[in-house]
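Last residue of the sequence shown: 402 (our numbering), numbering continuous.
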Amino acid sequence: MLIHAPAHSNQQPHLHPKLSWRPESGERHRGARTNCIGASDLPNNDTSLGEQTMNHSQEKTRARLDSEADFHDARINTPDEHRLGYVYRSVADVYAFCTPPDEVMCGSILELGCFRGDEALALRDRGFSGRYAGIDISPASIEHCQHLGLPAGMTFSVDDANVMETVEDASVNYAFGNGVLHHLDLPRFAPVLARKLATRGRARFIEPAQGNLPLRLFRRLTPALRTPDEHPFDNDSIALLRRHFQVIVRHKALLRPILPMLAFNSHAAVRLASKLDERLLRLRFLQDQAWLLQIELAPRAV
Numbered sequence: 101m102l103i104h105a106p107a108h109s110n111q112q113p114h115l116h117p118k119l120s121w122r123p124e125s126g127e128r129h130r131g132a133r134t135n136c137i138g139a140s141d142l143p144n145n146d147t148s149l150g151e152q153t154m155n156h157s158q159e160k161t162r163a164r165l166d167s168e169a170d171f172h173d174a175r176i177n178t179p180d181e182h183r184l185g186y187v188y189r190s191v192a193d194v195y196a197f198c199t200p201p202d203e204v205m206c207g208s209i210l211e212l213g214c215f216r217g218d219e220a221l222a223l224r225d226r227g228f229s230g231r232y233a234g235i236d237i238s239p240a241s242i243e244h245c246q247h248l249g250l251p252a253g254m255t256f257s258v259d260d261a262n263v264m265e266t267v268e269d270a271s272v273n274y275a276f277g278n279g280v281l282h283h284l285d286l287p288r289f290a291p292v293l294a295r296k297l298a299t300r301g302r303a304r305f306i307e308p309a310q311g312n313l314p315l316r317l318f319r320r321l322t323p324a325l326r327t328p329d330e331h332p333f334d335n336d337s338i339a340l341l342r343r344h345f346q347v348i349v350r351h352k353a354l355l356r357p358i359l360p361m362l363a364f365n366s367h368a369a370v371r372l373a374s375k376l377d378e379r380l381l382r383l384r385f386l387q388d389q390a391w392l393l394q395i396e397l398a399p400r401a402v
């Protein structure tokens with residue numbers, strides 16, 4: 101979990117996906133793990149090839165969910181903002197893109213990947229009076245959020261963002277998430293979100309792109325900071341979203357975070373890198389080198 105450094109926070113963006121257990125159960129339900137072969141594992145002439153393929157797919161999905169949940173359960177009590185906050189400090193303005201705007205402060209807000217509940221706390225402090233739902237794949241995250249003492253109109257559930265079974269159709273005025281989509285099964289997720297958004301609803305996300313060579317090298321050298329199944333957003337991912345939404349993409353952070361870090365993230369270095377990023381990323385041939393994508397989604401016109 102759902103990457104998080106919005107303008108009102110110095111915390112690191114959190115990266116986490118949302119996946120699939122029923123929230124009312126209060127715990128994850130997993131199949132037994134064993135190295136033994138039972139009768140159910142033996143070939144069955146009555147089982148069709150299609151059923152076998154489906155079972156294999158379900159097992160892979162379950163394994164992926166378990167892996168994601170375990171990763172983010174372990175992170176909930178890790179002060180990772182101190183570990184990577186220095187890297188994200190120069191792009192706090194980029195992450196502010198997802199902050200819910202004033203016009204939805206009385207509406208219905210859905211956060212994909214609520215993690216420690218930082219955004220919910222910020223909404224409360226802004227006087228939020230609508231309905232907020234935070235979902236996350238991590239049971240530890242949801243338990244943490246449920247003990248924050250937030251108003252009754254702000255709820256948290258373990259849920260799968262590829263399914264969103266706790267969210268009513270056509271009920272969401274504003275959905276958002278930081279570093280969530282690149283963990284998800286986009287062909288499943290996109291039509292579900294399109295169904296959950298209200299007629300004039302919209303969604304905003306910050307996602308990591310492939311980035312330039314130094315950033316790709318950083319990813320290769322730090323595999324423990326990511327889950328095995330996540331993948332940077334690319335043009336194919338954007339094309340898939342366009343099948344279901346009107347999509348606006350803004351490319352951000354070309355020289356950031358590296359240039360400011362070389363100058364100890366001084367205000368002058370951050371300002372200079374931000375201005376250079378804005379100018380350089382107007383050039384299409386450089387956009388594929390950007391680190392971050394601001395993605396805005398709206399329902400397609402009927």
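Backbone N, C-alpha and C define an ideal beta-carbon position, used for all residues, glycine too.
Item, Value
"Per DSSP, which one or two residues make a beta bridge with I97?", "Nothing can be reported for residue 97, as the shown portion of the chain is limited to 101 through 402."
"Would C245 pass as a contact of A222 if the rule is Cβ separation under 8 Å?", "no"
"Which residues in the same chain have their Cβ closer than 6 Å to the Cβ of M254, if we skip the five residues on either side of it in sequence?", "A220, Y232"
"Quick one: residues in its chain with C-beta nearer than 8 Å to the C-beta of R216, no 5 flanking neighbours on either side, listed in chain order?", "H114, I176, S241, H244, C245"
"Pull up the CB-CB distance for S190 and V370, whole angstroms please, since I reckon it's below 8 Å.", "5 Å"
"I need the straight-line Cα distance from L340 to G277, nearest angstrom please.", "18 Å"
"In the DSSP assignment, find the beta strand (DSSP E) that holds D218 and state where it starts and stops.", "Premise fails: D218 lies in the alpha helix (DSSP H), 218-225, not in any beta strand (DSSP E)."
"Taking just the CA atoms, how far does R304 sit from N365?", "27 Å"
"Just reading off the alpha helix (DSSP H) that M361 is part of, what are its end residues?", "358-362"
"Cα separation between V292 and Q310?", "25 Å"
"Measuring straight from C-alpha to C-alpha, what distance separates P123 and E268?", "Unreliable placement is indicated for P123, whose pLDDT of 38 sits below 50; the coordinate value is still reported in the next sentence. C-alpha separation (whole angstroms): 14 Å."
"Helix, strand or coil, according to DSSP, for L286 in the structure here?", "helix"
"State the Cα-Cα distance for the pair L313 and A390, rounded to the nearest angstrom.", "10 Å"
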